[in-house]
Each structure stands twice: as C-alpha cells, then as structure tokens.
Amino acid sequence: MGRAGLRFWSAVLALAVFMVDVLTPLEGAVAVLYVVAILLAARTNRRNDIVVAATGCIVLTVVAYLTSHDLQTIASPALRALVSLAAIGITTLLVLQNHAATTRLAAQARLLNLSHDMIFVRDRGGVITFWNKTAEQTYGWSADEAVGQLADKLLRTSYAERRETIEAGLLETGRWEGRVEQRTKAGAVLTVDARWALQHNHLGKPVGVLETHTDVTDRVAAHNALVQSEQRYRRMFDASRIGVVEEDWSGLRAALDALPAQGAELRDYMARNPDFVRQARGLARITDVNPALQKMAGAASAAAFIENVDKLLGENDRSFVDALVAFAQGERFHEGETELVRLDGRKVPVLFTITFSPRSDEDHDVLVFVIDITERRQAQDALLAAQAELAHAARVATLGELSASIAHEVNQPLAAIVTSGEAGLRWLRRDIPDLKEVATTIGHVVAQGRRASEIVTRIRTFLKKAPPEQGVLHVGEIIEEATELVARELARDDVALVVETAPDLPPVRGDRVQLQQVLVNLLINAGQAMSGRPGSRTITLRATVDGEMLGITVQDSGPGIQADDLPRLFDPFFTTKDGGMGMGLAICRTTVEAHGGRLSVASTPGSGATFHLTLPHSQEHALP
Ligand code: ADP
845 MGRAGLRFWS AVLALAVFMV DVLTPLEGAV AVLYVVAILL AARTNRRNDI
895 VVAATGCIVL TVVAYLTSHD LQTIASPALR ALVSLAAIGI TTLLVLQNHA
945 ATTRLAAQAR LLNLSHDMIF VRDRGGVITF WNKTAEQTYG WSADEAVGQL
995 ADKLLRTSYA ERRETIEAGL LETGRWEGRV EQRTKAGAVL TVDARWALQH
1045 NHLGKPVGVL ETHTDVTDRV AAHNALVQSE QRYRRMFDAS RIGVVEEDWS
1095 GLRAALDALP AQGAELRDYM ARNPDFVRQA RGLARITDVN PALQKMAGAA
1145 SAAAFIENVD KLLGENDRSF VDALVAFAQG ERFHEGETEL VRLDGRKVPV
1195 LFTITFSPRS DEDHDVLVFV IDITERRQAQ DALLAAQAEL AHAARVATLG
1245 ELSASIAHEV NQPLAAIVTS GEAGLRWLRR DIPDLKEVAT TIGHVVAQGR
1295 RASEIVTRIR TFLKKAPPEQ GVLHVGEIIE EATELVAREL ARDDVALVVE
1345 TAPDLPPVRG DRVQLQQVLV NLLINAGQAM SGRPGSRTIT LRATVDGEML
1395 GITVQDSGPG IQADDLPRLF DPFFTTKDGG MGMGLAICRT TVEAHGGRLS
1445 VASTPGSGAT FHLTLPHSQE HALP
C-alpha cells in the first residue's frame, strides 16, 4: 500500500474509533484502538505522519471525552481516557524511536551502496541477507535475486585454502582476508580480494558475516603480465650471448645537474676537466651483469664485479664521455666502441649500446649491451693483411711481367745483332776483308742495340702505367720500319711478305716504338707459325681506313689457331711453343688498347690466322 493509502486508512480508522467512542456506550475504552491508526501511519516511514497521526488521535480522544462527559465528572471514564492517551503517547514514542533507528540503518545501507567494493551480509547458514549496489552491478544479480540465496553457491566461490580452515580462523579472530575467485551471473571469472568480518548479536553470539570484495582481476592480470615480462627479461639476461650490464646512473644525474656547464658546452667542460670524468666513472654504479658479460670480463660470478664501471673501462677510453653527453642530453640510446678491461688486465674490443630510461623517470637505470668484436677485428686485420699481400703479389707479378716482356722484346733485336755480327765477321774473315760491308753490318748492330735499349725504356714506362708518348705518326712509316726490322728473320724462314697500304692513310697519335713492336710481334708470330711447313709461306699486311678507325690486318697461310686456344690467346704466358714465353700477344693487345684501339683474331684452322687491329686516326693532325 502506498503512503497516501496508509495515511487515508489511518485517518479513516481514527475517525471510526472516534465515532464509536462518541456514539456508543463503550466509552473511553475504545480509544485504545487509536494505537492501530498510529501504527498504520508509522508504516509510511515519515516522522511527520506519525506526529500528525498521534496529535490527531489525542485531539479526537479528548474531544470524544469532552462531548460524552462533562468536565466536572471525574470518574472512571476520565481514567479510561487517560489510559488511552497514555497508550497513544507510549506507542507514538516507540514508533518514533523505531523510525529513528530505521532511518539510521537506511543511511548506513546507503553508505554501503556508495562503496566501490561489493558488500554483502550472510547469516550463519551462508544465506545472503544484504547485497549492495556494486555487488548487483559487478556480479549481475539484483538484491532481490541474491537475498535468500547461499552465497558460495550463487557465486561458485573457489578458495585457495580449505573452507573449514577459513571458517575456523574466522571464528577465532572474527576476521578473514584472502583472494578468491567468483563467478558472475554472466559466467565471467573474477579474482577478488575478500575481507570477512564476523557479526555478533548482543549476547556475543555470531549471527552473520559481512563480506567486502575488491575486484582485482585487472590488477592480477597486469601483475601476471609484469611477472612474465620480468621472467622473459631474466631468461634473456641469463641466456643471451650478448653481454648485459645493469647500471644505476642516479649519482651521475645529480653530478651532471650540479655542473655549471650544460648542453653543448658539456663536452668542452669535460675535455677541460678530466677529473670530473674520472669521478663520474666511479658514479656509474653496476648493479648486475649477466653470465655472457662475466665470461667476457673473465669473472667467475657477478659478485666478483667491481661496483662501478671505472675499472671496466681502460685508461684511454673515450666512449664514456660520449655516453655521458648523450645521457645529459636526454637521448634514449647511445652506441659506441671501446675496449673492455678484463679482470686479468687483458683488453677486449667491444661494441656497445646503452639504453637510458626516459628523463622523466625517477630512477636512472641504464642497460648496456656489449658485444665482443675480437673475432671481427681479427677478421678485419686478416683482410688487411691479405690485401697487403695481394698488393705485394701484384707488384711481384708486375716485376715478373716486366722482366718477361723485356726478355721477349729484346730477344728479337739481340738475335738481329747476332745475325749482323756474324755477317760482319764473315766479311772480315775473307781473304780480302770487305770493309764497306763490315761497316754496314756494324751499323746494323749499333742500330739494333739502340733499339733494344729503347724497347726496354718503353716497356718500363708502359708497365709503370705512364701514358704512352703521343706523337703524330704516319702509319705507312711505322709499317715500313717494322717490316724492315723483321725482313732478315722472315727471309731466313723463306717467308714472303706482301704489304698493301691504301693511299692517303690518315695519321694516328701514339708511341712510335710501341706500335712498331706490335707489328713486329704479329709478323714474327706469323713467320714462326709457318716456318718449316710445306707449301707457300706468305704474310699479307694490309692497312685501310674504316670510318673513324684505321685498320691493319696481318694474315698468314700457316696452320691457324685451335678453337680451344682462341679464348686464352691474349693471356700473358699463354704459349704453344716449346721455347715460347707467351707475352707477345698480351703486350700487343695492351698496347693497342692503350692507344684507343682493338686487337682481335680470326682463324680457320688449317688455312691460317688473321690478326686485325684498329687504331683511331686523327684528321686534325694530318701530316703534310
Ligand atoms: P709466344 O709467341 O711466345 O708463344 P705470343 O703471345 O706471341 O707468345 O703467342 C701466343 C700463342 O699464340 C703462340 O704460342 C701460338 O700458339 C699462337 N699464335 C700467335 N700467332 C699465331 C699465328 N699467326 N698463327 C698461329 N698461332 C699463333
């Protein structure tokens, strides 16, 4: 029934009692029934209603008494009316007290509802008698649903300890605290920190338990994640092959903050104050080192470690200053290279990365990751040594090439000198020596000797990679001189030489002796290829202009070149001859290429070889 209804019925009842009191002979006794009207009004839980009802009843009692009896009569009806009034008064007092108590309780219950924790009360049998708002929201059951249920059954509570042990402890101390798991109406599992307090009645007998639950599911999950992360870090720390040093730089932070120099001036300051740096090294406190670093430093355990980095860094370390500057400037990472001094004094080259915690952090823990680069250094040193060796080998090879080239190129003029010398001797030993011929042959000897010396000079400059002498040369003249040089040798082998040069050949730029040598080599090779072979032995030398280039071919009627030999023909030291050196064609090709031309060969085995060389001609310097 609503408040208005209660008020209405209370008033109706009071009036009914009044009517009966006034209209019936029952007299004052019926007035006791006003108590019921007051009790009805009290049900509205409003103090005012109680007061109004009580006042109304008293007024009605007095009025009824006065209308039924005159004032003079002091007799038993008056007594009865007084008793009624007393009854009304006492009831009102009690009801008001009850109301006050209820109001207090309601206020307390409201406080419990304000709590962020889940709060409920259960009786000794475990049946829920109170269930606060947060419990409703978190566990999902409304107070109406929860009240009257067995708490453990409803929440499917799982305890870490045995329930009996908990109960015994609770009875003994009146309290219990612990972590339990509860299930919500939706089935989710919540981890809560539970606090129980035993409630006693006025006789000291336990009547129920007040439980408060704090939801710590997220906190527990976060904590577990943290623990896992810490375990992962530990595993990495312990098992990593990279050395890790944990250091505390809070002392350094204070020392840096106290410095007069900041920012860009810091480096200068430290250069001028080596004492500060030395002192700072003592302030970088080592808190832990992993096994990999212990091994690197030759330490048996982390305990063997000195408490700061001072001893770990060598006297000449420059990396610490750089790291300090990075730290002072609030950088998060710093990389560097230094030498780590082992406990036995040996030095290990290392590469390191330091990670600093953000500047805003209170703690100044830094992690230093260290890699031993001894092997890399060794590999680098080995590489440098190998490079030096290679360079040396190349020099030796050049020397070999130089001597081989000289030997090869000088061989021909020497042979010519011997031939001329022998001819001279023959003219001298005649009965009547022909001095004119002797003079001619000695002239040849002198010319060939000079030539040999020129060749040596040219080859040396050539191998020094000095640019060739750049004269403007007439190709016809070079061909003429070259054929002259080999004429005797070819004649000895019975080789015919046919020279076909196009008229008005443009000049080329280059070194006269070197280009002569190219032709001499090609002609001698052709002669040697045909020597001792049956059939006609002819070398045809042609010179033509082909666009930008001037082309010279040396064609023989020898055996030609085996297909297998073709790819290696121009390699130094490739030869098929018994006493051959294999330098001629190599020198020819290098010479031609140094003059901006090309040297190639075409051959059909059995029908001779044709060497083709091209040289760029220079119209601007055309000879008159
Ligand atoms: P060498 O004459 O000392 O052997 P070359 O470099 O001048 O060195 O020649 C290399 C090789 O090329 C020769 O051994 C020979 O086999 C081959 N060769 C060169 N010219 C000819 C040619 N005109 N006909 C056939 N083979 C040739």
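In our numbering, each number is its position in the sequence shown, counted from 1, plus 844. Beta carbons: idealized from backbone N, C-alpha and C, even for Gly. The structure presented is a predicted model; accordingly, all values stated were derived computationally and were not measured.
Residue i Cβ short of 6 Å to the ligand ADP heavy atom set
{"i": "I1250", "result": "no"}
{"i": "D1400", "result": "yes"}
{"i": "N1369", "result": "yes"}
{"i": "G1379", "result": "no"}
{"i": "I1405", "result": "yes"}
{"i": "A1373", "result": "yes"}
{"i": "T1182", "result": "no"}
{"i": "T1327", "result": "no"}
{"i": "G1428", "result": "yes"}
{"i": "G1424", "result": "yes"}
{"i": "A1453", "result": "yes"}
{"i": "T1384", "result": "no"}
{"i": "L1413", "result": "yes"}
{"i": "A1419", "result": "Sequence inspection shows Thr at residue 1419; the Ala mentioned does not correspond to that position. At least one heavy atom of the ligand ADP is nearer than 6 Å to the Cβ of T1419, so yes."}
Cβ pair residue i, residue j closer than 7 Å
{"i": "R1129", "j": "D1101", "result": "no"}
{"i": "R1176", "j": "F1196", "result": "no"}
{"i": "A1446", "j": "G1402", "result": "no"}
{"i": "L1187", "j": "G1142", "result": "yes"}
{"i": "Q1399", "j": "T1454", "result": "yes"}
{"i": "G1404", "j": "G1354", "result": "no"}
{"i": "L940", "j": "I894", "result": "yes"}
{"i": "L1329", "j": "V1300", "result": "no"}
{"i": "L999", "j": "L1042", "result": "no"}
{"i": "F1164", "j": "L1157", "result": "yes"}
{"i": "M1425", "j": "A1248", "result": "yes"}
{"i": "S1444", "j": "H1461", "result": "no"}
{"i": "D1209", "j": "T1058", "result": "no"}
{"i": "L884", "j": "W853", "result": "yes"}
{"i": "I1217", "j": "A1167", "result": "no"}
{"i": "A1038", "j": "G1022", "result": "yes"}
{"i": "T1035", "j": "V1071", "result": "no"}
Reference residue i, options the options, closest by Cα
{"i": "S1084", "options": "M1140, A1069, S928, R1111", "result": "M1140"}
{"i": "T1448", "options": "D1275, M1425, D1409", "result": "D1409"}
{"i": "A908", "options": "A931, G933, V874, E1074", "result": "V874"}
{"i": "Q1358", "options": "A925, N942, G1428", "result": "G1428"}
{"i": "V906", "options": "Q1026, E1179, Y878", "result": "Y878"}
{"i": "A1331", "options": "I1286, P1350, I1383", "result": "I1383"}
{"i": "V1024", "options": "V1060, V991, K1049", "result": "V1060"}
{"i": "L1349", "options": "T1327, L1341, D1338, V1389", "result": "V1389"}
{"i": "I1323", "options": "A1335, D1338, A1340, E1344", "result": "E1344"}
{"i": "T1028", "options": "I934, S1145, A979", "result": "A979"}
Beta carbon proximity, residue i to chain B, threshold 7 Å
{"i": "F1164", "result": "Of the chains in the structure shown, none is chain B; there is only one protein chain."}
Cα-Cα separation between residue i and residue j, rounded to whole angstroms
{"i": "A858", "j": "L904", "result": "8 Å"}
{"i": "L956", "j": "I963", "result": "7 Å"}
{"i": "I1215", "j": "T982", "result": "53 Å"}
{"i": "V1089", "j": "A1229", "result": "35 Å"}
{"i": "H943", "j": "I902", "result": "20 Å"}
{"i": "Y1077", "j": "L1211", "result": "12 Å"}
{"i": "A860", "j": "A925", "result": "16 Å"}
{"i": "V1262", "j": "I1276", "result": "22 Å"}
{"i": "R890", "j": "F862", "result": "24 Å"}
{"i": "F1081", "j": "G1174", "result": "25 Å"}
{"i": "E1179", "j": "D1415", "result": "50 Å"}
{"i": "L915", "j": "A922", "result": "Legend: pLDDT at L915 = 49, less than 50; position of this residue unreliable, no value from coordinates given."}
{"i": "Y1113", "j": "A1105", "result": "6 Å"}
{"i": "F974", "j": "D996", "result": "14 Å"}
Cβ neighbour criterion (16 or more within 10 Å) applied to residue i
{"i": "L1269", "result": "exposed"}
{"i": "P1257", "result": "buried"}
{"i": "Q1360", "result": "buried"}
{"i": "A950", "result": "exposed"}
{"i": "E1206", "result": "exposed"}
{"i": "N1045", "result": "exposed"}
{"i": "T1458", "result": "buried"}
{"i": "L867", "result": "exposed"}
{"i": "A886", "result": "buried"}
{"i": "A1223", "result": "exposed"}
{"i": "A1069", "result": "exposed"}
{"i": "G1189", "result": "exposed"}
{"i": "P1347", "result": "exposed"}
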